[in-house]
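From first to last, the protein sequence lines stand for chains A and B.
In this text, residue positions in the first sequence follow this note's numbering: the first is 18, and each later residue adds one.
In this text, residue positions in the second sequence follow this note's numbering: the first is 268, and each later residue adds one.
Even for Gly, the Cβ is constructed at its ideal location relative to N, Cα and C.
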Amino acid sequence: MQVVRLRVNGDERACGVPAHYTLLETLRYGLGLTGSKQGCDKGDCGACTVILDGRAVLSCLTLAREAEGRELRTVEGLAIGTEPHPVQDQFDLAGAAQCGFCTPGILCSSVALLERNPSPSREEVRAALAGNLCRCTGYEKIYDAVEAAARKMGQ
Amino acid sequence: MIRPAAGGAAQAPEALSVVGRRMRKVDGLAKATGRARYTDDIALPGMLHGKILRSPHPHARILAIDTSRAAALEGVHAVVTGRDMPTTYGIIPWTPDEHPLCVDRVRYVGDGVAAVAAVDEDTANAALELVEVAYEELPAYLDPHDAIAAADGPFIHEPRKPGRNGNVTKVVKLAFGDVEAGIAAAREEGGVVVEGDYFFEGTTHTPIEPHCAIGLADASGKLTVWSATQVPHYLHRELARVLELDPAMVRVVQPPVGGAFGGKSEPFDLEFCVAKLSMITGRPVKILYTREEVFYSHRGRHPFHMRYRTGARADGVLAAVDAEIVMDGGAYASFGLVTTYYSGQLLTAPYQMPAYRFHSTRAYTNKPACGPKRGHGSVQPRFAFEVQLDRIAEALEIDPIELRRRNALGEGTRTVNDLRVTSNGFLECLAMVEDASAWRRKFRRLPYGRGVGVAGSTYISGTNYPVYPNDMPQSAVQLQVDRSGRVAVFSGASEIGQGVDSMVAYVVAEELGVPLDHVRVFAGDTDFTPVDLGAYSSRVTFMLGNACIDAARRVKRQVQKVVAEAWDAKPQEVLLAGGLAVRAGDTGTQMPIREAFNLAEAAFGALGATGSYDTPKDVHGSYRGATIGASPAYSFTAHVAEVEVDPETGFVDVVQIWIAHDCGRALNPVLVEGQMEGSAYMGFAEAIMEEQIFKTADQGRAGLHNAPSLLDYRIPTSLDTPALRSLIVESIDPEGPYGAKEAGEGPLHPSIPAIANAIYDAVGVRMNALPFSPPRVWRALQAEAARTPAARSAATPAAVS
């Protein structure tokens, strides 16, 4: 067991976890932040993607300790109060989430993209999401949602 | 109950105020904010973690299992083996050939033999290492032909009747019309007879959420199982039967499911194990499959070896179709009895066939069991058949879209195997993809390396009969109205991402005139919802939608009656819409819907109703097997795919797929398009990338999965997936809810043959085996170049400019 201190979604949190715990396991089983999903546990599917210091990273390939002292955001931290993040809202409007299991990771990849590139082309959106597998949608409605969110955020 | 004669909730579109609009889902924001709680997101106080020990051998006798060292490990609370749950089960009641854990024989690498519950996952894994199993290895069958040929054994399963081949699950031979006469007529009358061998490699569902279950046996004797299942009702029945519990003391809860596609449509070992381990320990027990376990649990698409003979007259009209199919079923029957029928029964639309015969055999092999994947049993034959049609079109010099038009079955008719077809928008589907893809400018006119292909298909809107015989409804809801105007709907259907909970809300809001956000849908809990049979065979919108209409209209009639009395009007003059009760033709006479509900409650007591749906029974023939493939309605689809083939590498880039699908009526076009695009994507993936294959003894270890990870079993990323263009066709089915039919599985089928036909248009080679991976396409190009050096010599790298 070790104590891990994380700054997650603006909160300072500490919890005791086994030394080998990944950031994903710490979030899900240590802190009860179950929004980030485990689809493969090997870095293949992207469902566990979180935003660490502004970059989309795979929390299942990141040891919890590596996230200490850094700014961490998960899907639970994207909305402001009861107001969903524009990407979340557009995902809902466009039907970009079917089963919703890949959605938290895709949202984090999308938000990280829009924060460094506020008006990406469709090719840039496709490239940014290449590490997130979706099995339901065929990706079309996800692109539509990200592009619509970019337009909203630019207004 | 809505019976077909009374059903047919078809209405003119102008009369609808909710249905047909582009709407949000009821659970969209919960999923987009991380609040939706999937099974593995649930943690119960004192919960233990379970793990299952799996066989390293493809086929072996279990001589002994010693669990004593595992049980003695600190932190281990229980260990179970097959002997603790000796009752067999199977999703099809006639083929119960599985145990929750193997009792005396393992039949594939990955078959479960023991399970442990411990304080945490690490301890559970350590305990598995301490379970000692003595095996005696048996010869393994990896090829279905070998298994069938071993008619005297050794058998993978004991024959159900003496003298039968225990390596065969099911044989179906059916014939309609005179096939040989049709073939002879095609030959004699200037037509054509095309013969071909096809192979469809197995593929698997790969939902992003791995299977997960939690069991909780409490002190009152009640068992609750939470599971990522798409068939809570069938799971409920099998848990009670296998664990010898009164079904009234078993509760199945189905949280939101993170994708299923058929891969969660029967009971799995983990559900029995969490239940049994909790019954022993008295504590909640969770098992979460690793991704590797998901690949071994499988139940995905069967590999099919297919031979087709198709005859057509000179004008392209089909004369006869003859099919011979061998199916690789894997270690257990699963849905195999149905798959074997579906392999032939579902081919008889959207084209008229005067004569048709199929002979399908499903063999057991020592690999993970195959089952239903999106487009159960009919995706493989559809691939072969639509390529056959393309060859006929070419031989007769008829445009392939025109050929399909000439053979279209039409609406309000019966197929050659006596399936009743109601609405049919296939011709419109063909016209839409022809226009949208600019087919006439492209077909046989694009430069070498680029091509277009077309294919059509049909699919069921639910199976006409449940997997166990009974006369009860297939689908039901209970509806309850609060004095606030809030309407609660208790639905037994399974939300697996397709949007069924939203569909319930749309229908109820439409019928009762309440705002969408005043409808609450409670679903997926056998303790408080009526039975729906599950999210499979594209049955839910059609059946549950009709059940919702049934329930809502019962309440609506009560409300109309009391309001009409208050207004001195006729009940049918009272309209419920937009949060109001309004008098038809006199919009000045109105009241808030809440007041109308309150009047009804005052008159009739607590306001609520149940509603249900059962299928019509006169929609199929009377021959043995006639009921399998029967459905209250059929969807129709046509795709055009455009590809670019690199002749140097054999790499096929699918540029775009145009998808036209007749869904009857789009209750919410956003969700229909999502199903169409997701289906076409999944078909594309099978066409180009995916193969669920196993090693042979020569390759190291017989029966070992070749690629049990999401890195090695490649599914398409955003960069791989083609542009997908959805074109909705609405034929307004007379019996569907507002005319709706299925959209979740039909649009997968044509992707694969459309791509195969496009490859032929691009580079002149027929791809008869899946997937169309670069090595396979490259070899086909080389073979074609060797066969016809003069024709299109560009296949050799030297000739590529």
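- For the segment 329-416 of chain B, list the beta strand (DSSP E) runs that are entirely contained and at least 3 residues long, ordered along the chain. Runs of the beta strand (DSSP E) spanning 3 or more residues and lying entirely within the segment 329-416 of chain B occur at 343-348, 379-385, 399-404, in chain order.
- Message: Suppose you measure from the CA of Leu-986/B to the CA of Tyr-735/B; what does that come to, to the nearest Å?
- Response: Indexing the second sequence from 1 puts residue 986/B at position 719. Indexing the second sequence from 1 puts residue 735/B at position 468. Cα to Cα, Leu-986/B sits roughly 43 angstroms from Tyr-735/B.
- Message: Which of the three DSSP states is assigned to His-785/B in this structure?
- Response: Stepping through the second sequence from its first residue, residue 785/B is reached at position 518. The answer is helix: DSSP assigns His-785/B an H, G or I state.
- Message: Tell me the DSSP secondary structure of Gly-852/B in three-state form.
- Response: Along the second sequence, one-based indexing puts residue 852/B at 585. Three-state DSSP puts Gly-852/B in coil, outside helix and strand.
- Proximal chain A residues relative to Leu-537/B, where beta-carbon distance stays under 9 angstroms: Numbered from its first residue, the second sequence carries residue 537/B at position 270. For Leu-537/B, none of the residues of chain A pass the 9 angstroms Cβ criterion, the least Cβ distance being about 16 angstroms.
- Message: I want to verify the contact list: residues of chain B whose CB lies under 9 angstroms from the CB of Pro-103/A, in sequence order.
- Response: As a first step, residue 103/A must be located in the first sequence, where it is residue number 86. Within chain B, no residue comes near Pro-103/A; the closest Cβ sits about 11 angstroms away, beyond 9 angstroms.
- Task: Alpha carbon to alpha carbon, how far is Ala-381/B from Met-366/B? Give it in angstroms, no decimals.
- Result: In the second sequence, residue 366/B corresponds to position 99, counting from 1. In the second sequence, residue 381/B corresponds to position 114, counting from 1. Checking the sequence, you will find His at residue 366/B rather than Met. In this structure, the straight-line span from the alpha carbon of His-366/B to that of Ala-381/B is close to 11 angstroms.
- Query: With a CB to CB cut of under 7 angstroms and the five nearest residues on each side skipped, what residues in its chain are close to Val-748/B?
  - Reply: By one-based count along the second sequence, residue 748/B stands at place 481. Cβ-Cβ distances below 7 angstroms link Val-748/B to Val-754, Val-822, Phe-864, Leu-874, Gly-875 in the same chain, with the five nearest sequence neighbours on each side left out; the list follows chain order.
- Query: Interface residues of chain B around Arg-143/A at Cβ under 7 angstroms?
  - Reply: Counting from 1 along the first sequence, the entry for residue 143/A is found at position 126. When 7 angstroms is used as the limit between beta carbons, Arg-143/A is near these residues of chain B: Ser-985, Leu-986, in chain order.
- Message: Excluding the 5 residues flanking Pro-135/A on each side, which residues of the same chain have their C-beta closer than 8 angstroms to its C-beta?
- Response: Numbered from 1 along the first sequence, position 118 holds the residue referred to as residue 135/A. Excluding its 5 nearest sequence neighbours in each direction, Pro-135/A has C-beta neighbours in its own chain below 8 angstroms: Ala-167, Met-170, Gly-171, listed in chain order.
- Message: Using only CA atoms, which one of Leu-311/B, Tyr-356/B, Ser-627/B lies nearest to Tyr-501/B?
- Response: Walking along the second sequence from the start, residue 501/B turns up at place 234. Its Cα nearest to that of Tyr-501/B, the residue Tyr-356/B stands out among Leu-311/B, Tyr-356/B, Ser-627/B.
- Message: What would DSSP say about Glu-653/B, mapped onto helix, strand or coil?
- Response: As a position in the second sequence, residue 653/B is number 386, starting the count at 1. If DSSP states are grouped into helix, strand and coil, Glu-653/B belongs with the helices.
- Query: From this set, Ala-162/A, Cys-116/A, Gly-27/A, which residue's C-alpha is nearest Val-68/A's C-alpha?
  - Reply: As a position in the first sequence, residue 68/A is number 51, starting the count at 1. Looking at the sequence shown, residue 68/A is not Val but Ile. The residue with the shortest Cα to Cα distance from Ile-68/A is Gly-27/A.
- Per-residue DSSP class, three states only, for Ala-1066/B: Along the second sequence, one-based indexing puts residue 1066/B at 799. In this prediction, Ala-1066/B scores a pLDDT of 38, lower than 50, which makes its location untrustworthy; no coordinate-derived value is stated.
- By the criterion of Cβ-Cβ separation under 9 angstroms, what are the contact partners of Arg-550/B in chain A? To locate residue 550/B, count along the second sequence from 1; it is residue 283. Those within 9 angstroms of Arg-550/B in chain A number zero; the least Cβ separation is about 17 angstroms.
- Which value, in whole angstroms, describes the spacing of the CA atoms of Ala-73/A and Leu-938/B? Numbered from 1 along the first sequence, position 56 holds the residue referred to as residue 73/A. Numbered from 1 along the second sequence, position 671 holds the residue referred to as residue 938/B. The straight-line gap from Cα to Cα measures roughly 29 angstroms.
- Query: Taking Gly-60/A as the reference, which of Arg-90/A, Arg-87/A, Pro-101/A, Gly-148/A has the closest Cα?
  - Reply: What you label residue 60/A is simply residue 43 of the first sequence in a count that begins at 1. Closest option to Gly-60/A, Cα to Cα, is Gly-148/A.
- Cross-chain neighbours of Glu-93/A in chain B, by beta carbon under 9 angstroms: As a working note, residue 93/A is residue 76 in the first sequence. Thr-300, Gly-301, Arg-302, listed in chain order.
- Task: For the alpha helix (DSSP H) containing Tyr-623/B, list its first residue and its last residue.
- Result: Position 356 of the second sequence, counted from the first residue, corresponds to residue 623/B. Looking at the DSSP string, Tyr-623/B is not in any alpha helix (DSSP H); the run it does join, the beta strand (DSSP E), is 623-630.
- Check whether the Cβ of Arg-518/B lies closer than 7 angstroms to any heavy atom of the ligand ADP, and answer yes or no. Looking for the ligand ADP in the displayed structure turns up nothing, as the structure carries no ligands at all.
- Task: Quick one: residues in its chain with C-beta nearer than 6 angstroms to the C-beta of Gln-806/B, no 5 flanking neighbours on either side, listed in chain order?
- Result: As a working mapping, residue 806/B is identified with position 539 in the second sequence. The residue asked about is misnamed: residue 806/B is Arg in this sequence, not Gln. If the five residues before and after Arg-806/B are omitted, its C-beta is found closer than 6 angstroms to the C-beta atoms of Gly-729, all from its own chain and listed in chain order.
- Query: Is the beta carbon of Ala-905/B sitting closer than 8 angstroms to the one on Gly-723/B?
  - Reply: For this step, residue 905/B is matched to residue 638 along the second sequence. For this step, residue 723/B is matched to residue 456 along the second sequence. Yes. Within cutoff.
- 8 angstroms Cβ cutoff met for Val-788/B and Ser-758/B: One-based indexing of the second sequence puts residue 788/B at position 521. One-based indexing of the second sequence puts residue 758/B at position 491. A contact, by the Cβ cut-off of 8 angstroms.
- How about Thr-79/A and Ser-53/A: do their beta carbons lie closer than 8 angstroms? Here residue 79/A refers to the residue found at position 62 of the first sequence. Here residue 53/A refers to the residue found at position 36 of the first sequence. Going by C-beta atoms, Thr-79/A is not nearer than 8 angstroms to Ser-53/A.
- Item | Contacting residues, own chain, Cβ-Cβ under 6 angstroms from Ser-946/B (five flanking each side not counted) | As a first step, residue 946/B is located in the second sequence; it is residue number 679 there, counting from the start. The beta carbon of Ser-946/B sits closer than 6 angstroms to the beta carbons of Pro-1014, Leu-1015 from its chain, once the five residues preceding and following it are set aside; these are given in chain order.
- Message: Taking 8 angstroms as the threshold (beta carbon to beta carbon), is Gly-526/B in contact with chain A?
- Response: Counting from one through the second sequence, the residue named residue 526/B turns up at place 259. Interface residue, yes.
- Query: With a Cβ-Cβ cutoff of 8 angstroms, do Tyr-563/B and Arg-374/B count as a contact?
  - Reply: In the second sequence, the residue the question calls residue 563/B occupies position 296. In the second sequence, the residue the question calls residue 374/B occupies position 107. No, the pair does not count as a contact, with Cβ atoms beyond the cut-off.
- Task: Take every Cβ of the segment 629-649 of chain B, pair it with every Cβ of the segment 610-621 of chain B, and state whether three or more of those distances are shorter than 8 angstroms.
- Result: Judged by Cβ distances under 8 angstroms, the segment 629-649 of chain B makes contact with the segment 610-621 of chain B, as three or more pairs qualify.
- Query: Using CA coordinates, which residue listed in Leu-544/B, Ala-636/B, Val-781/B, Ala-587/B is at the minimum distance from Glu-560/B?
  - Reply: To locate residue 560/B, count along the second sequence from 1; it is residue 293. Minimum Cα distance to Glu-560/B is reached at Ala-636/B.
- Task: Work out the CA separation of Thr-557/B and Leu-811/B for me, nearest whole Å.
- Result: Residue numbering aside, residue 811/B sits at position 544 when the second sequence is read from its first letter. Residue numbering aside, residue 557/B sits at position 290 when the second sequence is read from its first letter. If I take the Cα positions, the gap works out to 33 angstroms.
- Item | Residue burial classification, Pro-101/A (beta-carbon count within 10 angstroms, cutoff 16) | Along the first sequence, one-based indexing puts residue 101/A at 84. Pro-101/A comes out buried.
- CA-CA distance, His-572/B and Ser-601/B? The count along the second sequence starts at 1 and reaches residue 572/B at position 305. The count along the second sequence starts at 1 and reaches residue 601/B at position 334. Distance between the alpha carbons of His-572/B and Ser-601/B is about 19 angstroms.
- Message: Taking only three categories from DSSP, how would you classify Pro-101/A?
- Response: On the first sequence, position 84 is the one that residue 101/A refers to. Of the three classes helix, strand and coil, the one that applies to Pro-101/A here is coil, per DSSP.
- Message: My parser needs the beta strand (DSSP E) runs of 3 or more residues fully inside the segment 290-335 of chain B; what are they?
- Response: Along the length of the segment 290-335 of chain B, whole beta strand (DSSP E) runs at least 3 residues long occupy 315-321, 327-333, reported in chain order.
- Write down the C-beta distance between Tyr-1027/B and Gly-720/B rounded to the nearest angstrom, noting that I regard them as a contact closer than 8 angstroms. Position 760 of the second sequence, counted from the start, is the residue given in the question as residue 1027/B. Position 453 of the second sequence, counted from the start, is the residue given in the question as residue 720/B. That pair is a contact at about 7 angstroms.
- Query: Contact check, Leu-941/B vs Gly-1006/B under 8 angstroms by CB: the rounded distance?
  - Reply: The residue given as residue 941/B occupies position 674 in the second sequence. The residue given as residue 1006/B occupies position 739 in the second sequence. What sits at residue 941/B in the sequence shown is Gly, not Leu. The distance from the Cβ of Gly-941/B to that of Gly-1006/B is about 19 angstroms, inconsistent with a contact at the 8 angstroms cut-off.
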